[in-house]
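Below: the structure, in structure tokens.
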Amino acid sequence: MNTPFSYDSLDPALAHKLVDAAGLGDILAKVENQERLSFDDGVRLYEHPNLAAVGWMAHQVRTRKHGKKAYFNNNVHINYTNVCEYSCKFCAFAAKEGDARAYTMEGDDVERKLREFDGLKPTEVHMVAGIHPNRGYEYYLDVVRGAKRAMPDIHVKAFTMVEIDHMLKISGKSEAEVFEDLRQAGLGSCPGGGAEVLVDRVHKATFRDKIGPQAWLDTARKVQQNGFKMNATLLYGHIERTEERVTHLVKLRELQDECGGFMAYIPLAFWPFHTGLERHGHVTTGWMDMRNIAVGRLMLDNFPNIKAYWIMLTAESAQTALSFGANDIDGTVTEEKITHDAGTTAPERMNIEDLQNLIREAGYTPVQRTTTYEELEAVGG
Ligand code: V47
């Protein structure tokens with residue numbers, strides 16, 4: 006195989022000149038001294054025309070933290086119901102009860118579904134769904150228990166802050182009791198969805214029924230204070246503005262300083278088809294995808310992992326993102342509905358060999374990980 010082009014082969018003195026010439030020398034000095042970047046730095050990094058300079062700086066941080074390693078995992082997704090009482094404009098997945106495309110899986114259905122994946126030997130099941138208006142608190146515990154009945158050793162990464170907030174409200178129990186119930190049922194950690202863009206303007210315009218920025222952050226704090234790790238996402242490429250993306254990153258960084266429970270930051274590329282933003286949205290560009298990965302890496306100095314989620318970025322962009330600050334490309338996935346309903350061109354599954362090849366071709370060392378980033382010998386298919 007040819008040695009791929011890599012920033013590593015760029016003479017550092019030349020790279021410094023390039024960054025200086027781009028007028029970003031002050032930010033590079035902070036990056037090299039491991040000083041925190043400011044809000045204004047974030048805005049400049051988002052808006053600077055020289056993406057290569059921004060990407061090179063992000064790559065320095067990625068290399069300092071992870072060397073040549075690029076993580077992936079062997080996982081499956083189960084979107085256990087698409088019935089949702091909310092109507093977020095960016096969502097093509099949600100349905101109302103009675104719609105032809107509405108479906109709801111009970112705990113036993115989750116168990117049956119997961120048993121179908123037995124031969125794949127996944128280490129993680131990722132479960133997120135709509136907020137069903139006619140399912141109570143026990144329903145959420147049942148879907149987790151169903152997964153654990155099928156695969157007792159699997160790590161259940163489930164429920165966005167929207168689902169957790171809903172459970173806390175409807176349970177009639179204390180916060181501590183709810184988290185203890187979830188732990189007993191088998192919950193391992195929480196995914197990073199539902200944050201969208203943590204600013205009021207975007208909340209009001211695109212997901213006003215659902216919890217807003219402050220409630221998402223408060224719920225994330227509760228999750229982490231009750232001993233669960235979680236991820237954080239940003240949904241970009243719709244109506245959000247540069248300053249709003251930077252505000253989002255600063256809020257995540259502050260919460261990480263306070264609680265330290267975020268494992269990965271995952272910028273999610275918006276897919277507009279069949280959504281309420283179809284007329285306004287467009288498919289994100291490679292330029293935008295790389296920018297969001299790189300700025301995330303540079304601003305979130307206290308996040309260990311930056312994930313390029315290939316289902317939303319596409320395999321092509323996720324692979325390239327490994328040289329723009331990302332050190333993780335998520336996993337095999339297998340049956341994903343949220344992005345596919347909104348028109349992603351990515352397949353629904355990649356097998357382990359394909360993930361490894363994608364990483365190797367870009368010049369990195371593929372390392373299989375658990376959900377919580379322990380390294381594994383590659384297993385499964
Ligand atoms: O919260 C909804 C987003 C999220 C669209 O933590 C859309 O490891 C693009 O959070 N186009 C759910 N995105 C997915 C999610 C996730 C995915 C992979 C890994 C992890 C993790 C978390 O999907 C939602 C919302 O922000 N979303 N509609 C759309 N049309």
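Position one of the sequence shown corresponds to residue 6 (my numbering), numbered consecutively onward.
Glycine included, each C-beta is placed from N, C-alpha and C at the ideal position.
Own chain, CB closer than 8 Å to residue i, minus 5 neighbours either side, in chain order
i: Lys22; result: none
i: Gln39; result: Asp306
i: Asn362; result: none
i: Met6; result: In this prediction, Met6 has a pLDDT of 47, which is less than 50 and means its spatial position is unreliable; what the coordinates show is noted afterwards. Only Arg365, Glu366 meet the Cβ criterion.
i: Arg150; result: Gly112, Ala190, Gly191
i: Pro309; result: Lys70, Met268, Ala269, Tyr378
heavy atom of the ligand V47 below 7 Å from residue i C-beta
i: Thr339; result: no
i: Met317; result: yes
i: Asn78; result: no
i: Pro309; result: no
i: His131; result: yes
i: Thr350; result: no
i: Thr128; result: no
i: Glu201; result: yes
i: Pro196; result: yes
i: Tyr145; result: no
i: Thr238; result: yes
i: Ala152; result: no
i: Asp335; result: yes
i: Phe164; result: no
i: Thr344; result: yes
i: Thr280; result: yes
i: Ile271; result: yes
i: Phe275; result: yes
i: Ala347; result: yes
i: Tyr314; result: yes
Cβ distance (whole Å) where residue i is taken to contact residue j below 8 Å
i: Phe95; j: Leu240; result: 6 Å
i: Leu50; j: Leu303; result: 6 Å
i: Cys195; j: Gln230; result: Not a contact, Cβ separation roughly 13 Å.
i: Asp333; j: Tyr76; result: 4 Å
i: Glu348; j: Phe267; result: Note that residue 348 is Gly in the sequence shown, not Glu. Between Phe267 and Gly348 the Cβ distance is about 29 Å, and since that is not below 8 Å, they are no contact.
i: Ile159; j: Val133; result: About 16 Å separates the two Cβ atoms, so there is no contact after all.
i: Leu173; j: Ala152; result: So it is not a contact: roughly 21 Å between Cβ atoms.
7 Å CB neighbourhood of residue i in its chain, flanking five on each side removed
i: Gly217; result: Asp205, His208
i: Gly385; result: Note that Gly385 scores a pLDDT of 46, beneath 50, so its modelled location is shaky; the value from the coordinates is reported in the next line. Correct list, in chain order: Asn79, Leu125, Lys126, Pro127, Ile357.
Neighbourhood of residue i by C-beta, 6 Å cutoff - its chain only, sequence neighbours within 5 removed
i: Gly301; result: Tyr270, Pro272, Ile311
i: Pro138; result: Glu90
Buried versus exposed call for residue i [16 or more other C-beta atoms within 10 Å across all chains shown]
i: Ser179; result: exposed
i: Pro17; result: exposed
i: Gln219; result: exposed
i: Glu52; result: exposed
i: Leu360; result: buried
i: Thr350; result: exposed
The ligand MN heavy atom lying under 7 Å from the CB of residue i
i: Cys96; result: Looking at this structure, you won't find the ligand MN anywhere; what it does contain is the ligand V47.
Contact with chain B by residue i, beta-carbon distance below 8 Å
i: Pro371; result: No chain B appears in the structure shown, which is made up of a single protein chain.
**Message:** Does the structure place the region 58 to 69 close enough to the region 29 to 48 that three or more beta carbon pairs sit under 8 Å?
**Reply:** yes
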